[in-house]
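Worksheet: the structure to be examined is printed underneath.
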Amino acid sequence: MGGMMTYYAATRIADKIAAFAPISGYPIGGPNTGSSRPIPIIHTHGTSDDVVVYS
Numbered sequence: 001m002g003g004m005m006t007y008y009a010a011t012r013i014a015d016k017i018a019a020f021a022p023i024s025g026y027p028i029g030g031p032n033t034g035s036s037r038p039i040p041i042i043h044t045h046g047t048s049d050d051v052v053v054y055s
């Protein structure tokens, strides 16, 4: 599961998982997820990613 799918899952099952750690990707619906609670996230991204460019 990629970073974008991890963000998607975070908005759908925030009540079942303590925290999320996507690698690369971005939130599909933007930064406002509308989840049931605040979601602890650590996000990492490499500068050599040609698919989802680091910016």
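For the sequence shown, the numbering used here assigns the number 1 to the initial residue and increments by one for each residue that follows.
Quick reminder that beta carbons are idealized off the backbone N, C-alpha and C, glycines included.
These numbers come from a predicted model, not from an experiment.
Per the DSSP secondary-structure output, THR44 pairs in a beta bridge with ILE23.
Excluding five sequence positions before and after ALA19, the CB atoms of its chain that fall closer than 8 Å to its own CB belong to ILE39, PRO40, ILE41, ILE42, given in chain order. In the structure shown, ARG12 falls within a helical segment according to DSSP collapsed to helix, strand and coil. In this structure, the beta-carbon distance from SER48 to ALA14 does not fall below 8 Å. The C-beta distance from TYR8 to ILE23 rounds to 14 Å, too long to fall under 8 Å, and the pair is not in contact.
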